[in-house]
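Engineer: Listed in order, the protein sequences are those of chains A and B. Each residue of the first sequence is one higher than the one before, counting from 1 in this note's numbering. Each residue of the second sequence is one higher than the one before, counting from 1001 in this note's numbering. Where a beta carbon is used, it is the ideal one built from N, C-alpha and C, also for glycine. Since the structure is predicted, the reported quantities are computational estimates derived from the model, not experimental observations. After the structure tokens below, expect a handful of questions from me.
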Amino acid sequence: MGFFSKLKEALKKTKNSLAAKLTDLFSRNKLGNEFYEDLEEILIASDVSVRTADDIVEAIKERAIEEKCRDKDYVVGLLKEAIYDKLTAAEPLEICTPAVIMVVGVNGVGKTTSIGKLANLYAKDGFSVTIAAADTFRAAASEQLSVWADRAKVRIVKHAEGADPSAVVYDAVSSVKAKNTDILIIDTAGRLHVKANLMEELKKMDRVVNREFPEANFYKIIVLDASTGQNAYNQVEAFKDDVGLDGIILTKLDGTAKGGFVVSLCSELEVPVVYVGTGEKIDDIEEFDAEEFVDALFE
Amino acid sequence: MAQFATLSEKLNHIFSKLTKRGRLTELEIKTAMREVRIALLEADVSLSVAKDFIAKVSEKAVGQEILKSLSPAQQVIKIVNEELIALMGSTNAKLEVASKPPTIIMMCGLQGAGKTTFCGKLGMLLKKQGKKPLLVACDVYRPAAITQLKVVGEKVGVEVFEKGQGNPVKIAREGVKYAQSYGFDTVIIDTAGRLQIDEQLMQELENIKKEVNPTEILLTVDAMTGQIAVDVADTFNKRLEVTGLILTKLDGDTRGGATLSIKAVTGKPVKFCGTGEKLGDIEPFYPDRMASRILGMGDVLSLIEKAENAISEEQAKKFEKKFRENSFTLEDYLVQFDAMKKMGGIKDILSMMPGNKLKISDADIDEKKIEQIKAIIHSMTPKERRDPNIINFSRKNRIARGSGTTVQDINKLLKQFEQTKQMMKQMKNNKMFRF
């Protein structure tokens, strides 16, 4: 199943409700102020931030008024275009080997699962992959990651629970350098972005990679749960400030959650969405495509 | 229009155009509620819940008299806050206990909400309360979920019952049997995280429920959840009739509007909150804290509360009358200082004022001086307090000795008092002073 149909499948619930709301909206309203207010609400109901929704709707409104437009389909086109513009505002991420990918995020968003899927994806593409189990905090995190490493048939570097995560990173980097591995993926413990000490720990890991493996392309990717609300913005902002971010993996898009917050993240914080997680199986990960994402939302 | 950071600033701005006092009008409420709605949405309260809430609050607010000590903006916030607290229920950390042991607690929720960690926290809490809990590992799907529960159980010294990757319904039943045989009084069943639209797994939960008949079914919700919260809570509640809610990851900076959504659709009490990484980080739910968190304005709310407590309605009325008649005396001055002290000191009050509306906020205010002023006024006779003009040199000497100050200090105070009276007169003329 290709990305398009799969994402559409995953977004069916979302699409249904959004499309239904739009149809309902168009059948009720003329293109007056109330129409635009309702339009804004629909976006907000998809977890698009109030400010971004306001921006998008204002832009459409301005254009529609300028062009004296009263055609609903045309307005939908404008809406799609505006969302697409926001989604593609950030520079897309391209991974070049040798690569180190550090995966970060708050607790319970699906970091470990996403890493399993990523490792499998890269291994299938013919890259040699090693995973570093640097989540030494959560009980049984490295066991969970080992299961994924087995499934993806990639190597894993791990220490005992409670070990210094930077030491795991150091070992993994040494191992990857010695073996000429293409891609190292680092799993980190979930941490709320407001915990200064845990963010310091992350910065230390960041420093270890920069110091020990300067020739590698070092990417930092944040995992976001699609069911999260406006707090996703704070998360990305904080992680970006502390270690820098190159991309987003949006997980749990197989539910009814809309993940509309990515619109704000791509445009305002300039971090692109790279992958989407669409299920619990190992190949339930796809590259993000803004055009298809928008199409799937509105078709 | 300028951007206003907080709800209180926005409301202050709206009401700044209205000089009229008395009751809140429909138009004022409508304008204010638009901002309240945005505040709720920004806090992740689901759209439908926010709309219902606004409608209900508007109805209550129209025609309400504005409290003497509050601005109209504060009055609106006060009403909104009270309704929020009322809707979110009480501080209720009590778990139901089965009449015939064991008490069975079944956890449920989305993936990554924090069920397994919470099982450990709850186990530890119950153990501290002298109970003998048993953890039962029914998440047979997520890799290493059972190991995670075992590690957590070991950390808190609570036994874990597991049967590997078997049938969760059977494991739950056997776990309960095990508890009965070995004298455990509470069974905590950890289940796999699942999407509310996952029919097969929702059915599995129903089967577990049917099999063991839990005393409590607790829905675990991540405090950072967005608009989807309402769907999640509604579906889980309809399928399982949950008995209580658990909020996790409250130690972040989320405004936590999901709380209002899940509370509104289920009507079930929030029993506990997860507030940290450590297994001891479990707290009861405080609706008042949650309300101000959702509104994003804790400081203003506590200020309102403090103003209400410090100045009684009666006092405020008396004060207003005196002010109008310009018969403000040193006695009133004293009452004012006392009220301020009750509110936590001038510095506190000023720091709580949104947007630095008062220009004196930069002024250096010495709290010790206030104590001194109070001592001076206390050393005066009632007659002197009511009419400072009679205070001659000999009286000043007496007051200075009585209050341990100097005549200069007393002169300073009398001058200050005169200035205050002048200021009040001006403010009255400007219709700025609101008492």
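Are the C-beta of Pro1143/B and some C-beta of chain A separated by less than 9 Å?
Structural biologist: True, the Cβ-Cβ gap to chain A drops below 9 Å.
Engineer: Which two residues bound the contiguous beta strand (DSSP E) that contains Asn120/A?
Structural biologist: From DSSP, Asn120/A is part of no beta strand (DSSP E) but of the alpha helix (DSSP H) over 111 to 124.
Engineer: Reducing DSSP to helix, strand and coil, say where Glu286/A ends up.
Structural biologist: Three-state result, Glu286/A: strand.
Engineer: What are the complete beta strand (DSSP E) segments, minimum 3 residues, inside the stretch 216 to 271 of chain A?
Structural biologist: DSSP runs (the beta strand (DSSP E)) wholly in the stretch 216 to 271 of chain A: 217 to 225, 247 to 251.
Engineer: Given this structure, state the Cα-to-Cα distance separating Ala123/A from Phe218/A, to the nearest angstrom.
Structural biologist: Their backbone Cα atoms lie some 18 Å apart in a straight line.
Engineer: State the Cα-Cα distance for the pair Phe1272/B and Lys1209/B, rounded to the nearest angstrom.
Structural biologist: Roughly 21 Å separates the two Cα atoms.
Engineer: Give the secondary structure of Asp1281/B by DSSP, where H, G and I count as helix, E and B as strand, and everything else as coil.
Structural biologist: Here Asp1281/B sits in coil by DSSP.
Engineer: What are the start and end residues of the alpha helix (DSSP H) that includes Arg155/A?
Structural biologist: Segment 155 to 158 is the beta strand (DSSP E) holding Arg155/A; no alpha helix (DSSP H) there.
Engineer: List, in order along the chain, the chain B residues whose C-beta lies closer than 7 Å to that of Ile44/A?
Structural biologist: The contacting residues are Leu1041, Leu1047.
Engineer: Taking a cut of 7 Å between CB atoms, which residues from the stretch 235 to 257 of chain A lie near chain B?
Structural biologist: The stretch 235 to 257 of chain A vs chain B, Cβ under 7 Å: Lys252, Asp254, Gly255, Thr256, Ala257.
Engineer: Between Ala1258/B and Ser1046/B, is the Cβ-Cβ spacing less than 9 Å?
Structural biologist: Cβ distance < 9 Å, so Ala1258/B and Ser1046/B count as in contact.
Engineer: Quick one: Cα of Ala1179/B to Cα of Leu1135/B, how far?
Structural biologist: Roughly 10 Å separates the two Cα atoms.
Engineer: Among Gly244/A, Glu291/A, Ile183/A, Ala163/A, which one has its Cα closest to the Cα of His193/A?
Structural biologist: When each option's Cα is compared against that of His193/A, the closest is Gly244/A.
Engineer: What residues in its chain sit with their C-beta under 6 Å from that of Glu1283/B, if we drop five residues either side in the sequence?
Structural biologist: Excluding sequence neighbours, Glu1283/B sits near Cys1273, Thr1275.
Engineer: Any beta carbon of chain B sitting closer than 9 Å to that of Lys324/A?
Structural biologist: In the structure as shown, chain A starts at 1 and stops at 299, and residue 324/A therefore has no counterpart that could be examined.
Engineer: So with Cβ pairs under 9 Å, would you call Ile1399/B a contact of chain A?
Structural biologist: Closer than 9 Å: no.
Engineer: Going by C-alpha distance, which of Phe1417/B, Ile1054/B, Leu1122/B, Ile1373/B is nearest Glu1035/B?
Structural biologist: Glu1035/B has its Cα closest to that of Ile1054/B, out of Phe1417/B, Ile1054/B, Leu1122/B, Ile1373/B.
Engineer: Are any of the Cβ atoms in chain A nearer than 9 Å to that of Ile1390/B?
Structural biologist: No - not a single Cβ of chain A is within 9 Å of the one on Ile1390/B.
Engineer: In angstroms, rounded to a whole number, what distance separates the CA positions of Arg1037/B and Gln1064/B?
Structural biologist: Straight-line Cα distance between these residues: approximately 20 Å.
Engineer: With 16 as the cutoff for other CB atoms within 10 Å, does Ala82/A come out buried or exposed?
Structural biologist: Classification for Ala82/A: buried.
Engineer: Let me see if you follow: with CB-CB separation under 9 Å, is Glu1277/B close to chain A or not?
Structural biologist: So, interface residue.
Engineer: If we call anything under 9 Å between Cβ atoms a contact, is Ser227/A one with Ser49/A?
Structural biologist: It is not a contact, given that the beta carbons lie outside the stated cut-off.
Engineer: Could you spell out the range, first to last residue, of the alpha helix (DSSP H) harbouring Val1140/B?
Structural biologist: Looking at the DSSP string, Val1140/B is not in any alpha helix (DSSP H), and its letter there is neither H nor E.
Engineer: Name the chain A residues that come within less than 7 Å of Leu1110/B, Cβ to Cβ?
Structural biologist: In chain order: Ser227.
Engineer: Should Glu37/A go down as buried or exposed, given a rule of 16 or more other Cβ atoms within 10 Å for buried?
Structural biologist: Glu37/A is exposed by the Cβ-count criterion.
Engineer: So with CB distances below 9 Å, who are the chain A contacts of Gln1148/B?
Structural biologist: Arg138, Ala139, Ala140, Ala141, Glu143, Gln144, listed in chain order.
Engineer: Can you give the Cα-Cα distance for Glu1028/B and Val1156/B, rounded to whole angstroms?
Structural biologist: Their Cα atoms are separated by approximately 54 Å.
Engineer: Looking only at its chain, what residues have a beta carbon closer than 7 Å to the beta carbon of Asp1288/B, apart from the 5 residues adjacent to it on each side?
Structural biologist: Ile1085, listed in sequence order.
Engineer: Hey, is Met1224/B's beta-carbon within less than 9 Å of any beta-carbon in chain A?
Structural biologist: Interface residue, yes.
Engineer: List, in order along the chain, the chain B residues whose C-beta lies closer than 7 Å to that of Val50/A?
Structural biologist: Ordered by position in chain B, the residues that pass the 7 Å Cβ test against Val50/A are Ile1038, Leu1041, Glu1042.
Engineer: Taking 8 Å as the cut-off, does the stretch 128 to 145 of chain A touch the stretch 180 to 192 of chain A (at least 3 CB pairs, one atom from each stretch)?
Structural biologist: Verdict: yes, contact present.
Engineer: Label Gln1422/B either buried or exposed according to how many other C-beta atoms from any shown protein chain fall within 10 Å of its C-beta, with 16 as the threshold for buried.
Structural biologist: When all chains shown are included, Gln1422/B counts as exposed.
Engineer: With Glu149/A and Ile156/A assumed to form a contact (beta carbons below 8 Å), what rounded beta-carbon distance in angstroms separates them?
Structural biologist: According to the sequence provided, residue 149/A is Ala. The question's Glu does not apply to it. The pair is a contact, with the Cβ atoms about 4 Å apart (cut-off 8 Å).
Engineer: At what residue ranges does the stretch 1098 to 1140 of chain B contain a whole run of the beta strand (DSSP E), taking only runs of 3 or more?
Structural biologist: List check, beta strand (DSSP E) in window: 1103 to 1109, 1133 to 1138.
Engineer: What is the rounded straight-line gap between the Cα of Lys204/A and the Cα of Gly1252/B?
Structural biologist: Roughly 22 Å between the two C-alpha positions.
Engineer: Bridge partners for Val100/A per DSSP, in chain order?
Structural biologist: Per DSSP, Leu184/A, Phe218/A.
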